[in-house]
Each structure stands twice: as C-alpha cells, then as structure tokens.
Amino acid sequence: MASGSPFRFSPRPNSAGEIPWREWDAEVFEAAVASDRPVLLSLAAAWSPSSHAFDETIFSDERVGFELASSVIPLRVDIDERPDVAVRYGELGQPCIAILTPSGEPMECLVDPSADDLLAAIEDAHTRWLDSRAELVAEIEAAGEARTGEPQLGRGDLTPALLDIALELTESHRGAAGPEAVRLWLYAHRRRTDLRAELRARASIQRRVDGGGVDRESGAFRHCLEAGGDCDVGRAGTQGEWLSVLARIASEDSEAHEWAFDVVEQVIGYLERELLETTGGFLDSPGDDRIFVSANASIARGLLACGVAFDRSDWRSRGRTVADFILLRLRAGEAGVYHVWDGLPRQLGLLGDQVACGNAFLDAYEVTGEADFLAHAQTQVRVIERQFHTSEGAFGDIDSMHDQTALLGERRVPLLENAEAAELMIRLGHLTHDDRYPAAAYAVLGALAGGVTSEATDIEGVSVLARVTDRLLSLEPELKVISFSRPTEHDSVGDPLHSEALRLALAAHTVQRLHPGFDDQLIAQLGVTATSSGAYCFVAGEYGSLLTHPDELLSAVERQLSAPSF
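No gaps in the numbering here: position 5 of the sequence shown is 5 in this note's numbering, and each next residue is one more.
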C-alpha cells in the first residue's frame, strides 16, 4: 500500500500511484455522469503478478497516465476487498481493466492489454459513447437483461439424479479439479461405494501435489496447477480448502493417511511460519497485512479436520483459536461478520462470509463440544435468512442493506454459497432436531436445482449443490455422545467415543457431545434417559442401545442405516 493511499500497488518501481485513482462509491459515478466521461475500472489484487505488471507497465506509461487523468474517471478496486464488485465486472476472479459508461454499465473488459491496446479501447469507448450512444445503450440494455435473467436460477426437482449429473460433469471437465469436485468424488465413494470416484479423487490430488500445484520451496498450495501466471501461490483460503480435502483423503486407508500427513504437515508449517498473525488469525498472503474472514473460516475448518484425522491436539487447538479470533475481531452480533480485518473490521453484508463462518462454528462445535459455537452458528443462519433472502427462496450474494451503486443494484444468486448455506441448515437440523432448518434447506436447493445440468460451467458450485442435495435426501447418522462430566473435564468413556465418532469414514454424519446438567434441553429432544456415559446412533429419529466402546460405533451405524423404515 502506498504511503497515505488506500490502494495497493506493485512492490516494484512503478508510477501507478501518480494516477488520480478514485475509490468505489456512488460519487464516482455521479461525477462521471455530470462530466459525461466513461469510467476506467482497474480490478487489482495484491497477490497477482499480472496486477503488478499492469502497475509497472500500462499504468506507468505517460500516455496512459495522461488519458486517465483527463479523459476518463479512473477507479481502482481490490478484488479481494470487494468481491461483490469483482464478480460483476471482472473475469473469473482475476485482475483486469474494465471500461464503463458514466452510470457504471460495462462496455469492455481487457484481461491482458498493452498500453496501446488500452489507449485504443479508451478512444473507442469515447467515440461510441459520444457518436453512437443510442446503439450502445441498446446493447447495454440487452446485456443487462441477459445478466438479470439469472440462468443459474432454475427451480428443479430434488432427486438422486442430480448427483449423477454432477459426477458426469466433473469427470468430463478438462480443467484441473478443484477442492469441491474432489470432495464430491469422495462423497460418492462413501455414499455409493463408487470405487472409480475414489480413484479419481486420489489421482487428482496426487497430480496436483506432484505436478506443480504445490510450491516446492514453501510447501503451499497454488490456486491452479500451472506454475506460472496468477496462481495465488500461498494464499490463506486455498490452504484451508485443501487441508479439509486432505483430511478426508486420509480416512480412506493407511497408505492415504501416511501420504496425506506429509502434505498436511508442509501446508500447516507454511501457514504458521508465513501467515500466522499475533492475534491468532492468518494473513491473506506474504506481504499482505489483511485478514479475510472467509479465508480464516476455511483455515479453521481445515485445521480442525486435520487435527481429528491425524489425532493432533495442537492442530485442533489452532483451528479453535482461529474460530475464536473471528468471534472476537470480525463478528458484529446479529449483523453478521465483517469481510476483512487490518487492525479494524471492515465491510459487512457478503453472503459467502456469513455462510463460511456458520459452517466453521459448527465444525468447532462438533470437535470441541462447546455449546457457544452451536449458538453462534444459529446466529449466522438468522442473519442469512433475514438479510439475504430473495423472493425465489434462495439467497443473494449481498444483503438487503448493501451498497446499490451501479451493477451492485442487480441480484446475484451464487450456486456455491447457496449450497453451502443449505448444508449449514442441514447440519443444524441434525444437531437441534428443529424441522425449520431442513425445510429451509429444501427451499434453497429446490430454487437452484435447475442449475445442475451437463452444460453447467460453475463446476465447484454444481459439485456442492449436488452433494448437499444428496445429503438432504439420504439417511444420515447422528452420533450423540453423552458425557457425565463437566464440559472441560476428562471422561474415560466419553472422550474415546467422541474422538472415534469424529473420525468415522462416512459419506456424511454429525457428531454431538452432550453433558447432562448443561445440555438438558438437547438431551430431552432425543427422547433417551441416560444414566451413564456412552453414545447413541440416531438415524431418522430411531436409535439403538447405549454404546460404551469406540469399536462399537461403526457397526452400530451400519445396523441403523440398514434397518427397515416404515
């Protein structure tokens, strides 16, 4: 960040800071309309080599500097601080340069321009705006109708066939598999004994690790397989996503467990060595002083999962500390969580942040058994339902009180974040036995199921939507560990049962540790009369006998799942 500037420029020599950049706000577009000048929007990123190259070349070119100071209104937005702006004007979450009408409608987006390309685009935008305004406005209106048509919004039936469609789509996709596609394959393996899906998952992550997807020097995951370009080397959120996947891989067998442990150890070593901040949160990348809430929620989940999978209390403790950091520094009570922290919390109102934290709080609840985390997850759902709900039954990416400047006035309904919100509600339904949660999940998934098609392009979103839908439609075991000790005290029966319940290699399940005298309301909802420590397996409201040894858990789950239902 340049001294005295709200903007971040390349750390290498450049003149980009001399351009009179404006920050995103309504006044920018008011000024553009008053002066009848187009807006040049630079979507930049602190971690991006191409963004740095723009600063060092294009924005350091004297001709470009003159044009940006005289003929357009230059606007600069950090795509990580304002993902709401980036998703409306950018290209696949990557830095780019967009030219907009004075009111904020996109005319052109340049991904890799030279200075001459940009100058020509600015001249063309001026010419079209001044000489062919009627035709340009007609084109813009047609494009706006296409955008607001929301092709991903399509009501559809919730059936097991959605999982088949998603599996076919991810198998035929030519690009590198992302973490959610791998999780889909692992889920299908456990749900349907699909050995091909398991092999695909293993091969995909092995290829990523061995083929340039992990930086050899730091041990950190790249966002993409290719070693060059904007691969987000070492960014915090990417590490958290792959830690969760590696924890799932580790449950397959002893060979996978050993291989995954070596990778996990490198990744966590990188996180703690390079990104851990004294507050307990993780910085976004080396040289960046910001902590993003969704990235930290992802890391919390990854650390907790790896702590369970590899029986590492230090990793579980670190994951819980990250969750505590979010609650202490980034939470605004019933208003939800802030997006970013750099000494002070900033920017409320993004769906992805609320959902990510809700699921992280539930992970912390299942692992620690601390009831406060359950309450915090329920608060997140109240925020989501109150502030993000749309008339179609799904959730918008920004809340009802959010900035409505330019294209921010248009609704976006993202598949991935909606599916993750539905999963949060499904999990809460199993943990609280409150029927409102699965009913809400059913409504969200039903509003979007039409987006699961063989032509879908949002591979990660479709992967999550199909997996979560199948989870809603399937019988799912709930492991309830009753512990006759205080929540922080050792229980020779309850502790091993709780640890084994968390480690069970199942497609999906929930784990809950309950203490008589502290969780009496939740225990009463189960309809059991517990007089000693042990565990019950619940499936569809039915439960078997009290279990007192970890080795009994898996067979009890299998019996309950295979029992006839009426």
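Beta carbons: idealized from backbone N, C-alpha and C, even for Gly.
Close Cβ partners of Ala305 (< 6 Å) along its chain, the five nearest in sequence each way excluded | Ser244, Ala247
Gly534 versus Gly541 - alpha carbon distance = 18 Å
For the alpha helix (DSSP H) holding Asp131, just list the boundary residues, first then last.
-> 115-131
Do we get a CB-CB distance below 7 Å when we pair Ala466 with the residues of chain B?
-> Annotation note: the requested chain B is absent from the structure, which comprises a single protein chain.
Report buried or exposed for Pro160, applying the criterion of at least 16 other Cβ atoms within 10 angstroms of its Cβ.
-> exposed
Applying the criterion that 16 or more other CB atoms from any shown protein chain within 10 Å of the CB defines a buried residue, is Leu271 buried or exposed?
-> buried
May I have the straight-line CA-CA distance separating Ser444 from Leu428, to the nearest angstrom?
-> First, the amino acid is wrong: residue 444 is Val here, not Ser. One C-alpha to the other measures close to 15 Å.
DSSP beta-bridge partners for Trp341?
-> Ile291, Pro345
Backbone secondary structure at Ala419 - three-state DSSP = helix
Per DSSP, what kind of secondary structure is Pro496 in: helix, strand or coil?
-> helix
Decide if Val557 is buried, meaning its Cβ has at least 16 other Cβ atoms within 10 Å, or exposed.
-> buried
Closest residue to Ala466 among Met107, Glu417, Ala335 (Cα-Cα distance) | Glu417
Under the DSSP definition of a beta bridge, which residues are partnered with Arg471?
-> Note: Arg471 sits in no beta bridge, so no partner.
Member of Asp397, Leu408, Ala295 whose CA lies at the smallest distance from the CA of Ala360 | Ala295
Given 8 Å as the limit, is there contact between the segment 32-39 and the segment 68-82, that is, 3 or more CB pairs closer than that?
-> yes
Mind the definition here: the segment 479-496 touches the segment 178-193 only if three or more C-beta pairs lie below 8 Å; say whether that holds.
-> no
With a CB to CB cut of under 7 Å and the five nearest residues on each side skipped, what residues in its chain are close to Gly228?
-> Its pLDDT being 48, under 50, Gly228 is placed unreliably by the model, and the measurement read from it follows with that caveat. Nothing listed; no residue qualifies.
Would the beta-carbon of Ile140 fall within 7 Å of that of Glu105?
-> yes
Do the segment 494-512 and the segment 458-465 make contact, defined as three or more Cβ pairs closer than 8 Å?
-> no
Compare the beta carbon distance of His339 and Val293 with 7 Å and say whether it is the shorter of the two.
-> yes
What is the DSSP secondary structure of Gly213, reduced to helix, strand or coil?
-> coil
Tell me whether Val111 is buried or exposed, calling it buried when 16 or more other Cβ atoms sit within 10 Å of its Cβ.
-> exposed
Please determine, among Glu277, Ala456, Ala309, Arg290, the residue with the shortest C-alpha to C-alpha distance to Glu265.
-> Ala309
Please go through the segment 375-446 and give each complete alpha helix (DSSP H) segment of 4 or more residues, from N-terminal end onward.
-> 415-432
How is the beta strand (DSSP E) around Phe538 delimited, first residue to last?
-> 534-539
Got a sec? Which residues, its chain only, sit under 6 Å from Ala86 by beta carbon, not counting five neighbours each side?
-> Leu43, Ile79
Can you list the alpha helix (DSSP H) stretches of 4 or more residues lying completely in the segment 220-274, in chain order?
-> 236-250, 254-270
Grouping DSSP H, G and I as helix and E and B as strand, with all else coil, what is Pro106?
-> strand
Short Cβ contact (7 Å threshold) for Leu186 with Thr469 = no
Would a C-beta distance cut-off of 7 Å place Val355 and Ala421 closer than the cut-off?
-> yes
Can you give the beta carbon distance from Ala197 to Ala203, rounded, assuming they're within the 8 Å contact cut?
-> Not confirmed; about 11 Å, so no contact.
What's the gap between the Cα of Pro477 and the Cα of Ser313?
-> 25 Å
CB-CB under 7 Å to Pro550, same chain, minus the five flanking residues each way: which ones, in chain order?
-> Pro496, Leu497, Glu500
Per DSSP, what kind of secondary structure is Thr510 in: helix, strand or coil?
-> strand
Check Ser42 in the structure and name its three-state DSSP category.
-> strand
Separation of Gln239 from Val267, as counted between CA atoms = 7 Å
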